[in-house]
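Working notes, structure below.
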Amino acid sequence: MKEADYYESTNGVVVMVEPYSQKEQIQQVVYRILDANLDRTREGLRIIEEWCRFGLNNVQLAGECKYLRQELAKWHTAEIRAARDTVGDIGTELSHPQEEQRSGIKSLLQANFCRVQEALRVLEEYGKLHNLNMGKAFKQMRYRVYTLESNLMGYQRHQLLWRSHLYLVTSPSDTLLATVESALKGGLTLLQYRDKNADDTVRLEQATKLRQLCHAYGALFIMNDRVDLALAIDADGVHLGQQDMPIAMARQLLGPQKIIGRSTTNSEEMQKAITDGADYIGVGPIYETPTKAGKAAAGLEYVRYAAQNSPIPWFAIGGIDANNINDVIDAGAERVAVVRSLMQAEQPTLVTQYLLSQLNRVKPQQESIQN
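Take 270 as the starting number for the sequence shown in the numbering used here and just add one per residue.
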């Protein structure tokens with residue numbers, strides 16, 4: 270017979286407790302670990318599900334979250350729940366400053382995806398001590414969560430692309446960061462970093478700072494031409510010219526969730542870009558511009574063609590500014606890309622707000638498809 274343990278409770282009564290065997294003690298610890306991480310996983314999934322449901326109105330993503338939560342519940346047995354000891358859990362007092370704040374929806378979602386994935390890994394390993402099938406189940410679930418994260422982040426990128434009506438393409442400037450931030454303050458949600466002459470060290474440094482700035486304001490960051498640099502800094506996508514690598518090759522390198530744009534100057538190039546799988550296209554140059562020196566203007570006729578024939582987002586580009594934007598809008602443009610009109614503006618915030626105010630007068634025909 271095992272020797273009993275005695276201890277004095279808080280009210281002074283001496284209580285006799287039959288001790289657990291070492292095996293039973295380990296089992297109770299494992300149950301506590303499983304209980305805590307089952308709760309952690311379900312809570313994280315619920316936070317993600319709420320955004321998929323109310324923020325994105327996406328039934329597929331919300332449904333996947335719900336399915337995973339219900340699968341988790343099957344493993345959360347009364348036996349495991351009974352091992353819970355919240356009062357005796359030293360982890361309830363542990364915290365970190367990063368847990369106290371979220372800079373936006375993206376950081377909130379990323380934090381909870383990390384929480385879910387880490388908890389599933391714990392469940393996978395400790396689950397093997399309880400039930401071999403549990404370990405296998407949580408391994409498969411962890412891979413489904415990786416896919417869910419990829420799909421959700423990709424969906425958010427593409428949804429923001431559809432909702433972006435003003436696209437700033439940068440040019441070299443001593444006030445690059447300040448100008449971009451001023452435009453972001455004015456409501457800009459889509460930026461392309463373009464510098465054809467800088468060396469890669471400078472490009473990487475500037476692109477990293479711009480990406481961080483864009484994401485702080487909830488905007489998309491696109492790298493011009495260079496798929497390798499886009500990968501290096503985790504850009505939201507890349508913009509390719511007609512002489513750059515094929516879209517299929519860029520897609521293979523970047524994956525399905527990143528954005529790929531293509532410049533087009535005529536209907537043939539437009540149709541090829543769409544067929545090749547571009548997520549958006551540039552349409553232009555509408556007017557002659559030093560940014561595309563020596564390139565003939567495509568004119569407003571190309572805008573009219575794009576308005577009638579492009580099933581994907583397209584941005585009229587080339588010499589567009591506050592003086593002629595309404596002519597471009599009247600020709601059918603719902604989205605425009607600009608360079609000089611913002612990069613050389615004395616008050617980029619005000620110019621951004623004005624351009625957006627003109628574009629917002631137009632009811633986007635395609636945006637409802639994404640909602």
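All C-beta atoms, glycine included, are put in the ideal place defined by N, C-alpha and C.
Because the structure is a prediction, the values reported are computed rather than measured.
Would you mind stating whether Thr-534 and Ile-550 have Cβ atoms separated by less than 8 Å? no
Per DSSP, what kind of secondary structure is Met-492 in: helix, strand or coil? strand
What are the uninterrupted segments assigned as beta strand (DSSP E) that are 3 or more residues long and contained completely in the region 544–578, given in chain order? Every unbroken stretch of the beta strand (DSSP E) spanning 3 or more residues and falling wholly within the region 544–578 is given here in chain order: 549–552.
Check for me: the beta strand (DSSP E) holding Gly-506 runs from which residue to which? 506–509
Reduced DSSP secondary structure (H/G/I, E/B, other) of Ser-532: strand
Close beta carbons around Tyr-623, own chain, < 8 Å, minus the five adjacent residues each side: Ala-591
Whole-angstrom distance between Val-299 and Ile-374, CA atom to CA atom: 34 Å
Assumed close pair Ala-575, Ile-555 - CB separation to whole angstroms, cut-off 8 Å: Not really, about 10 Å apart at Cβ, beyond 8 Å.
On the three-pair Cβ rule with 8 Å, is the region 468–486 touching the region 495–507? yes
Residue range of the beta strand (DSSP E) that Val-584 falls in? It should be noted that the sequence gives Phe, not Val, for residue 584. Start and end: 583–586.
Would Lys-405 be called buried (16 or more neighbouring beta carbons within 10 Å of its own) or exposed? exposed
For Ile-528 and Gly-546, believed in contact at Cβ under 8 Å, the rounded distance: Contact flag wrong, Cβ pair sits at about 11 Å.
By the three-class DSSP mapping on this structure, what secondary structure does Leu-457 have? coil
CB-CB length for Leu-457 against Leu-437, believed under 8 Å: Sure, about 6 Å apart at Cβ, within 8 Å.
Sorted by chain position, which residues of the same chain lie with C-beta nearer than 6 Å to Gln-461's C-beta, five sequence neighbours on each side aside? Val-438, Ile-491, Asn-493 and His-508
Kindly indicate the opening and closing residues of the beta strand (DSSP E) around Val-605. 605–607
Going by C-alpha to C-alpha distance, which of Asp-468, Gly-332, Gln-577 and Leu-482 sits closest to Glu-603? Here the closest residue by C-alpha is Gln-577.
Which value, in whole angstroms, describes the spacing of the CA atoms of Cys-483 and Thr-444? Rounded to the nearest whole angstrom, the CA to CA distance from Cys-483 to Thr-444 is 16 Å.
Apart from the five residues just before and just after Gln-634, which ones in its own chain have a Cβ nearer than 6 Å to its Cβ? The predicted position of Gln-634 is uncertain, since its pLDDT is 48 and thus under 50; no value can be drawn from it.
Tell me which residue opens and which closes the alpha helix (DSSP H) that Leu-625 is part of. 617–628 is the extent of the alpha helix (DSSP H) around Leu-625.
Once DSSP output is grouped into helix, strand and coil, what is the label at Tyr-486? coil
On the three-state DSSP scale, how would you describe Val-298? helix
I'd like the list of long-range same chain contacts for Asn-629, defined as Cβ closer than 8 Å, with 5 residues on each side in sequence excluded. His-434
So Leu-435 is in the beta strand (DSSP E); what residue range does that whole segment cover? 435–438
Looking only at C-alpha atoms, which of Arg-309, Arg-350, Ser-579 and Leu-421 sits nearest to Asn-326? Leu-421
Taking the C-alpha atoms as reference points, what is the distance between Ser-448 and Gly-587? The sequence shown places Thr at residue 448, not Ser. Each residue's alpha carbon lies about 19 Å from the other.
With a threshold of 16 other CB atoms inside 10 Å of the CB of Asp-304, please say whether the residue is buried or exposed. buried
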